[in-house]
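I have placed the structure first, in the form of structure tokens, so that the comments after it can refer back to it.
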Amino acid sequence: MLIRSALFVLCAGTLAAWWLTSPTELSVDDLPPHTSDPLAGERIFWAGGCASCHATPVDGKRAQGESKLLLGGGLELDTPYGLFRVPNISAHPEDGIGAWSTIEFVNAMQHGVSPRGKHYYPSFPYASYARMAVEDVMDLDAYLRTLPPVAGRVAEHELGFPWSLRRGLGLWKRLYLDPTPVVAVDSADALLLDGRELVEGAGHCGECHTPRDRFGGLLGESWLAGAPNPEGKGRIPNITPAGKAIADWSQRDIEYYLESGFTPEFDTVGGSMVAVQENLARLTPADRQAIAAYLKAIPAVD
Amino acid sequence: MLKTIRRFSVFFAAIAVLSPTFAADDPIEKRHELMEDVGKAAKPVGLMLRGDSEYDWAVVLTSLNTFEGASKHFGDLFPAGSETGGDTEAAPAIWDDREGFDEALAMWRDATQDAIAAQPQTLDTARPVLGGVFKTCKNCHDGYRIEDE
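Those sequence lines, one after another, are chains A and B.
Using our numbering, you'd call the opening residue of the first sequence number 163 and step up by one each time.
Using our numbering, you'd call the opening residue of the second sequence number 88 and step up by one each time.
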């Protein structure tokens, strides 16, 4: 009797764990009617800074200029969880994602699931991309298809136990993968809505500027309030209206910084923000204005 | 108690007065001061480029002269032994790749001298020339400055 109950609990437990860790994804029928526009996707590409991680480094350095469009991957991210290797997302049919369907791309970007149904690690910031408009993701898909295929598969990540158990990410997603916007803004204000989508979604600003809990989930109550630098020492600054880094900056100052890389005191942008700023410089003035307006409107966190 | 505090204040005031004389020989302090001057000179020009103030060639020229002077001497302020200390943001690359650092400084000097020679009298003609100067700031900071974010 005891054995039977124990077996029952074990089976139920396994089933529950299986269900809790299984991936959730969309099917083709869930996609909205939308004709993908590669030109619109190019805007998303720069807003998201895809090249900053996925462009193959040149001579061990960050890719510059045209080589930012060669998305063969290979950058290594050395983190407390282990070594992440950034994959090839070029249009190469075998080594990259050229053979993927649009729905496979959308599921990767917004649900963190590979075409073979495996979870991606959140080092790929799909928890932010989940907040993007699906149409924007479809446009990005169309744009990536216009870029050159790059041969060469990148090796697997090397992670320590228990992070090496991919299946466990299903639980992580149940806790932290949430497509609802972080900050409530006036729904009549088109500029703020645009800014929110760029910052919270494609731009994935929160991934570095927001502190995390012990399981790596972002702390919503400290949204953009600064966090330890994931790439080394120091801190990523607080960019809420209370953050001393930009509290005195006008909305115009923020726009100009994102456009030119110069602070209001005409010092230059530094650290990992250099690459981000160079990408955002490729957006339209209206997009940078939207980002700046949003940053001025979010809750001030000390 | 009050007396102790007073005595301490005198002590610290003395340090405050004396320390600049010590600092004058300190290359780290000197390069900080020089960069401060450069930043102050950059601001009015930057505001013109932003379109937030009226273009004024005389003001621009004063700033460019500050840049030119600084660009010629800045490289001398990184002798061996000044790699660390104070709150220096100098990156090890300055000493590991001295040639590259000197080249970055030369780019700054050349762009500045080009701008002085061009004497742009309007914002439209000044934009590309001064943009070229400003680009050299970021170029050098990217490779040779440590960021404490």
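Positions of the beta carbon are idealized from the N, C-alpha and C atoms, including for glycine.
Quantities reported herein were computed from a predicted structural model and do not represent experimental measurements.
query: Taking 8 angstroms as the CB-CB cut-off, is L151 of chain B touching chain A?; result: no
query: Report the rounded CA-to-CA distance for D199 of chain A versus D301 of chain A, giving the unit in angstroms.; result: 5 angstroms
query: For P255 of chain A, count neighbouring Cβ atoms within 10 angstroms of its own Cβ and tell me buried if that reaches 16, exposed if not.; result: exposed
query: Listed in chain order, which residues of the stretch 272-288 of chain A have Cβ atoms closer than 9 angstroms to some Cβ of chain B?; result: none
query: Examine chain B for any beta-carbon lying closer than 8 angstroms to the beta-carbon of L457 of chain A, and answer yes or no.; result: no
query: Can you tell me the Cβ-Cβ gap for V344 of chain A and G368 of chain A, rounded? I've got them flagged as a contact below 8 angstroms.; result: 7 angstroms
query: Assuming the contact rule is C-beta atoms closer than 8 angstroms, L321 of chain A and Y243 of chain A should be a hit. Round their C-beta distance to whole Å, please.; result: 6 angstroms
query: Whose Cβ in chain B lies nearer than 8 angstroms to the Cβ of T446 of chain A?; result: Those do not exist, as T446 of chain A stays about 17 angstroms from chain B at its closest Cβ, beyond 8 angstroms.
query: Tell me the DSSP secondary structure of L223 of chain A in three-state form.; result: A small correction: the amino acid at residue 223 of chain A is Lys; Leu does not occupy that position in the sequence shown. In the structure shown, K223 of chain A sits in a strand (DSSP, three-state: E or B).
query: Exposed or buried, what is W181 of chain A when buried is set at 16 or more other beta-carbons lying within 10 Å of its beta-carbon?; result: exposed
query: Below 8 angstroms, how does it come out for the stretch 452-461 of chain A and the stretch 413-432 of chain A: are there three or more Cβ pairs, yes or no?; result: yes
query: Are the C-beta atoms of E141 of chain B and some chain A residue less than 8 angstroms apart?; result: no
query: Spell out whether any CB of chain A is found under 8 angstroms from the CB atom of D124 of chain B.; result: no
query: Taking C-beta pairs closer than 7 angstroms, name the residues in chain B that Y305 of chain A reaches, listed in chain order.; result: Chain B residues near Y305 of chain A: none, gap ~27 angstroms exceeds 7 angstroms.
query: Within the 8 angstroms Cβ cut-off, does R196 of chain B reach chain A?; result: no
query: Roughly how many angstroms lie between the CA atoms of A213 of chain B and P207 of chain B, to the nearest whole one?; result: 5 angstroms
query: Between the C-alpha atoms of D124 of chain B and G405 of chain A, what's the straight-line distance to the nearest angstrom?; result: 26 angstroms
query: In terms of alpha-carbon separation, which member of A:S290, A:A261, A:C173 and A:A448 lies closest to T342 of chain A?; result: A:S290
query: How many Å lie between G156 of chain B and V146 of chain B at the Cα?; result: 16 angstroms
query: Have a look at the DSSP bridge pairing and note the partners of G244 of chain A.; result: A:T241 and A:L321
query: Is there a Cβ from chain B that is less than 8 angstroms from the Cβ of D240 of chain A?; result: no
query: Exposed or buried, which one is G382 of chain A when buried takes at least 16 other CB atoms within 10 Å?; result: exposed
query: For the stretch 194-206 of chain A, enumerate the residues whose C-beta is nearer than 8 angstroms to any C-beta of chain B, in chain order.; result: none
query: Is the beta carbon of A295 of chain A sitting closer than 8 angstroms to the one on G203 of chain A?; result: no
query: Would you report the Cα separation of I165 of chain A and T183 of chain A, rounded to the nearest angstrom?; result: 26 angstroms
query: Taking any Cβ of chain B, which residues in the stretch 416-433 of chain A have a Cβ under 8 angstroms from it, in chain order?; result: Y418, S422, G423, F424, E427, F428, D429, T430, V431, G432 and G433
query: Excluding the five sequence neighbours on either side, which residues of its own chain have a C-beta within less than 6 angstroms of the C-beta of D464 of chain A, listed in chain order?; result: A404
query: Any idea if E440 of chain A is buried or exposed, counting beta-carbon neighbours within 10 angstroms, 16 or more meaning buried?; result: buried
query: Work out the CA separation of F246 of chain A and L333 of chain A for me, nearest whole Å.; result: 20 angstroms
query: Return the chain-ordered list of same chain residues with a C-beta closer than 8 angstroms to the C-beta of A317 of chain A, the five sequence neighbours on each side being excluded.; result: R247
query: Which bits of chain A does G133 of chain B rub up against, with CB to CB less than 7 angstroms?; result: F424 and F428
query: For the putative contact between G230 of chain B and G187 of chain B, defined by C-beta atoms under 8 angstroms, what is the C-beta separation to the nearest angstrom?; result: 7 angstroms
query: Which whole-angstrom value is the C-beta distance of L134 of chain B and L217 of chain B, which I expect to be below 8 angstroms?; result: So it is not a contact: roughly 12 angstroms between Cβ atoms.
query: Is there at least one Cβ from chain B nearer than 8 angstroms to D192 of chain A's Cβ?; result: no
query: Could you tell me whether the stretch 353-373 of chain A touches the stretch 382-396 of chain A, using the rule of 3 or more Cβ pairs below 8 angstroms?; result: yes
query: Closer than 8 angstroms, CB to CB, is E116 of chain B near chain A or not?; result: no
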